[in-house]
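The structure under discussion appears below in the form of structure tokens.
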Amino acid sequence: MARWAIAIHGGAGVDPNLPEHRQEEAKRVLARCLQVGVDALRGGAPALDVVEAVVRELETDPFFNSGRGSALTRLGTVEMEASIMDGRGRRCGAVSGVSTVKNPVSLARLVMDKSPHSYLAFDGAEEFAREQGLEVVDNSYFITEDNVDTLKLAKEANSILFDYRIPLGGSETCSAQAGSDNHSNGMVMNGLPISIYAPE
Amino acid sequence: TVGCAVVDSNGFTAAATSTGGLMNKMTGRIGDSPLIGSGTYACDVCAVSCTGEGEAIIRSTLARDVAAVMEYRGAGLQEAVDYCVKERLDEGFAGLIAVSGTGEVAYGFNCTGMFRGCATEDGFMEVGIWE
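Taken in order, these protein sequences are the chains called A and B. All you need for the working numbering is the position in the first sequence, starting with 1, plus 55. Numbering-wise, the working numbering puts 17 at position 30 of the second sequence, and it's gapless, one number per residue.
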């Protein structure tokens, strides 16, 4: 018998000025979702079911940038993406551009298990979700007031903000950081001039 | 972005990642999270889920690189994680969590903090944000 283990994350690049109560809330959500995985593993659940169940929990809680609480596009809408991979046989499934599927990670699992493909996106992914009877909701379900406010900040700074992203040693909030770095006409990505990114 | 990496009591691994992407992003933008080998990877030796600047994670095929360093260089899990976060991201900022097929957990990040948690069968359990 091997020994089970689990690791989870809720995103990297945290605002060093994140208020204490928000840090405590983040830890509560992480601890709750981690416990879901630990309880399942103690009960002998397979790894694939555990990662799906834990990520569903994280998607459903609005604290982190996924599912409900997702970052917003420049149009103020939500476009989500997810992937899942089974180390056993290295099978995988992924979706992008979904905007009504309540738990994108479960759609990625269905792409892996029930479709001949590894990746479905946008209309095709939405259609497949309905074919498979997955729960779908209105796009407004995913939008939180906090994120509407953050989008406003991002637009004022004319930048594409990575949630909570603060450069190492940076003390300003990312929107201020982006604003101060913002060239008059240069695009800013993640608070840094787009020029530092190699062309995709 | 959120993610999970697991090895079960049969030694089988899995990983999953899910995200809303970047605030104020262009519609149609794809990040690293759905890309197998960049944001998510699982095989016999480990399972990995990444988060951070998608463009940097994509270019470095970060999740697959952790497994490759273990497979081809015989590195341990934490050693592979540290190497990839330190050497493979160029100027990008990112973090990742990982488990090995033998029941270890590891994480690494080169930015300010990462929301994370981990637990192992022998009772270890940790939730953290900062270094």
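All C-beta atoms, glycine included, are put in the ideal place defined by N, C-alpha and C.
Residue i at chain B interface by Cβ criterion, 7 angstroms
i, result
"A:ILE21", "Nothing about residue 21 of chain A can be read from this structure; chain A reaches only from 56 to 255."
"A:GLY144", "no"
"A:HIS64", "yes"
"A:VAL69", "yes"
"A:ASN72", "no"
"A:LYS157", "no"
"A:GLU114", "yes"
"A:GLU187", "Per the sequence presented here, residue 187 of chain A reads as Gln, with Glu not at that position. No, A:GLN187 lies away from the interface with chain B (no Cβ there is under 7 angstroms from its Cβ)."
"A:LYS82", "yes"
"A:ASP168", "no"
Short CB-CB distance (under 7 angstroms) between residue i and chain A
i, result
"B:CYS98", "yes"
"B:LYS12", "yes"
"B:ARG75", "no"
"B:TYR28", "yes"
"B:SER47", "no"
"B:ILE44", "no"
"B:ARG51", "no"
"B:SER5", "yes"
Close Cβ partners of residue i (< 7 angstroms) along its chain, the five nearest in sequence each way excluded
i, result
"A:ARG111", "ASN158, VAL160 and SER161"
"A:HIS172", "VAL166"
"B:ILE45", "ASP19, LEU22 and SER25"
"A:VAL133", "SER125, LEU127, SER154, ASN194, PHE197 and ILE198"
"A:ALA307", "Absent from the structure is residue 307 of chain A, since the part of chain A shown begins at 56 and ends at 255."
Residues near residue i in its chain [Cβ-Cβ closer than 6 angstroms; skip 5 each side]
i, result
"B:TRP117", "GLY100"
"B:THR(-12)", "THR6, SER20 and THR38"
"A:ALA149", "SER138, ALA163 and TYR174"
"A:ASP116", "VAL84"
"A:MET140", "CYS147"
"B:GLY(-2)", "GLY88"
"B:THR4", "GLY(-10), SER20, GLY26, THR27 and SER36"
Those residues which DSSP pairs with residue i across a bridge
i, result
"B:GLU113", "B:CYS105"
"A:GLU136", "B:THR6"
"A:GLY148", "A:ILE139"
"A:LEU175", "A:VAL150"
"B:GLY82", "B:THR38 and B:PHE96"
"B:TYR28", "B:VAL35"
"B:LYS12", "A:THR128"
"B:SER20", "In the DSSP output, where bridge partners are listed per residue, B:SER20 has none listed."
"A:ALA67", "B:MET101"
From the options, residue whose alpha carbon lies closest to that of residue i
i, options, result
"B:LEU49", "B:ALA106, B:VAL72, B:LEU64 and B:ASP31", "B:VAL72"
"A:ARG145", "B:THR14, B:GLY18 and B:TYR28", "B:TYR28"
"A:CYS147", "A:ILE215, A:GLU80, A:VAL91 and A:SER170", "A:SER170"
"B:GLY115", "A:MET56, A:ARG58, A:ALA57 and A:ALA62", "A:ALA62"
"A:GLN187", "A:ARG143, A:HIS76, A:ASP168 and A:ALA108", "A:ASP168"
"A:ALA81", "A:VAL69, A:GLY92 and A:VAL91", "A:VAL69"
"A:ILE57", "B:THR107, B:GLY95 and B:MET112", "Going by the sequence as given, residue 57 of chain A is Ala instead of Ile. Selected option, being the one with the closest Cα: B:THR107."
"A:PRO204", "A:ARG77, A:GLU79 and A:GLY131", "Position check: residue 204 of chain A holds Asp in this sequence, whereas Pro was assumed. Comparing Cα-Cα distances from A:ASP204 to each of A:ARG77, A:GLU79 and A:GLY131, the minimum goes to A:GLY131."
"A:VAL105", "A:GLY142, A:ALA184 and A:GLU200", "A:GLY142"
C-alpha gap between residue i and residue j, whole angstroms
i, j, result
"B:GLU42", "B:GLU74", "16 angstroms"
"A:ALA60", "A:ASP94", "12 angstroms"
"A:THR155", "A:PRO71", "33 angstroms"
"A:SER230", "A:ASN202", "A caution first: A:SER230 carries a pLDDT of 33, below 50, which makes its placement in the model unreliable, though a value can still be read off. Going from the Cα of A:SER230 to the Cα of A:ASN202 covers about 13 angstroms."
"A:LEU223", "B:GLY26", "Any reading at A:LEU223 is ruled out, since the residue's pLDDT is 31, under 50, leaving its predicted position unreliable."
"B:PHE80", "B:CYS98", "5 angstroms"
"B:SER47", "B:LEU76", "6 angstroms"
"B:GLU66", "B:SER36", "16 angstroms"
"B:ILE17", "B:GLY90", "32 angstroms"
"B:TYR70", "B:GLU58", "14 angstroms"
"A:VAL109", "A:ALA212", "35 angstroms"
"B:PHE102", "B:ALA93", "14 angstroms"
"A:LYS210", "B:ASN11", "7 angstroms"
"B:MET112", "B:GLY104", "7 angstroms"
"A:LEU73", "A:ALA67", "13 angstroms"
"A:GLY92", "B:LEU64", "21 angstroms"
"A:GLU79", "A:GLY98", "28 angstroms"
Cβ-heavy atom distance, residue i to the ligand PLP, below 6 angstroms
i, result
"B:VAL(-11)", "In terms of ligand content, the structure shown is empty, and the ligand PLP therefore cannot be addressed."
Same chain, Cβ closer than 8 angstroms to residue i, five either side skipped, listed in chain order
i, result
"A:LEU9", "No statement about residue 9 of chain A is possible, as the shown extent of chain A runs from 56 to 255 and does not include it."
"B:VAL(-7)", "THR0, ALA1, ALA2, ALA34 and VAL86"
"B:LEU9", "ARG16, GLY18 and GLY41"
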